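The sequence shown runs -16 to -1, 1 to 229 under mature numbering (1 follows the signal peptide of the UniProt record, and there is no 0).
Here a beta-carbon is modelled for each residue, glycine too, at the ideal position from N, C-alpha and C.
A quick note: this is a predicted structure, and the numbers were derived from the prediction, not measured.
The block underneath contains the structure these notes are about, expressed in structure tokens.
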Amino acid sequence: MHSLLLIALSVGLVAAQPARRAVKELNQEATNEAQQRDGSATRAFSNVQIQTSDGQCLFVDKLSGDFRANLTPVQIATCGSTDGQGWDIITSGKHNDQKGKALIVSTLTQACLNFDPRRKAGDQVNLFSCGGRADGGGEVTNSQLFQFDGAAAGPLSLVPGNAEGECLSSKGQRLDAAQCVNGSGDQSFTFGGAANGRNGTQNGGGNGNGNGNGNGNGNGGNGNNGSGNNGNGGPNNGDGCNRKK
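The structure is reproduced here in structure tokens:
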């Protein structure tokens, strides 16, 4: 009994750990290649917060992934307390050719929310290059497409296209995945609200490229400031899972 209690406490502590920074700086050239903004995409929401059922917000720290902002964990914090809380919801474009599905893209890094069940539990939900290839050369992958009716801001569940019966979950301080449970507050999310004091917009809006290309201004909203990402990192040639040509 004592051993079971220790195991349960250990699992809880692991789930609650915030992500540490993995690199000191990004490799600008590699990041710009891997994380390219799709200017032709249709966005249902631009630069908005994604809120949990208890009023917290999803955010990313661009230095908590690899040298080109792949495998970046999605963390949870008080809304407005951190950078990286802006998100674009893309309903069609270069990396989304499926009706009733949406890409969830970080306005800061331009990487896509990705579910990879091959990774260890607690580290299966991360940001990855849209299209599923680490170098940015991918097209469409089901691991980045989530059920979405195209208009409703929520509350809604985020169900990845490569894992029927799995829902994203906001338990702890990192976004994770778990078996879908009807009515679960941990699996309920809402799009909307200005990200970090900048103007979030529904159905259009400008977004700055998160790879050092400045401020984007568009219809009804201002994009996030791009950030200059300099430096070198080690190689990572991994791909996202379940690529669809």
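Determine contact between the region 29 to 39 and the region 162 to 176, defined as no fewer than three beta-carbon pairs at a distance below 8 angstroms.
-> yes
With 16 other Cβ atoms within 10 Å as the buried cut-off, status of T91 = buried
Name the residue from V44, H79, K78 whose alpha carbon lies nearest to the alpha carbon of S65.
-> V44
Using a threshold of 9 angstroms, state whether the C-beta atoms of Q59 and L42 are closer than that.
-> yes
Is DSSP giving N98 helix, strand or coil here?
-> strand
Once you ignore the five residues that flank S141 on each side, which residues in its own chain have a CB closer than 6 angstroms to its CB?
-> C151, Q171
Proximity to R117 [Cα-Cα], best of A95, Q131, T62 = A95
Using only alpha-carbon positions, find the residue among T62, S48, A18, D81 that is nearest to A25.
-> D81
Nearest to A135 by alpha carbon, out of T93, A28, A14?
-> A28
Pairwise C-alpha distance: P101 and S127 = The alpha-carbon of S127 is positioned some 9 angstroms away from that of P101.
Helix, strand or coil: which one does DSSP assign to A162?
-> Assigned with DSSP and collapsed to three states, A162 falls in strand.
Given a threshold of 16 other Cβ atoms within 10 Å of its Cβ, counted over all protein chains shown, does V165 qualify as buried or as exposed?
-> exposed
Assign G167 to buried or exposed, taking buried as 16 or more other Cβ atoms, counted over all protein chains shown, within 10 Å of its Cβ.
-> exposed
Given a cut-off of 9 angstroms, decide if L159 and V109 are closer than it, judged by their beta-carbon atoms.
-> Yes.
Can you tell me which of the three DSSP states A178 falls into?
-> strand
Find out if the Cβ-Cβ distance for the pair D50, A3 is shorter than 9 angstroms.
-> no
What is the DSSP secondary structure of D170, reduced to helix, strand or coil?
-> helix
Are the C-beta atoms of S37 and some chain C residue less than 9 angstroms apart?
-> Of the protein chains in the structure, only one exists, and it is not chain C.
Integer-rounded CB distance, given that K85 should sit under 8 angstroms from G145 | Sure, about 6 angstroms apart at Cβ, within 8 angstroms.
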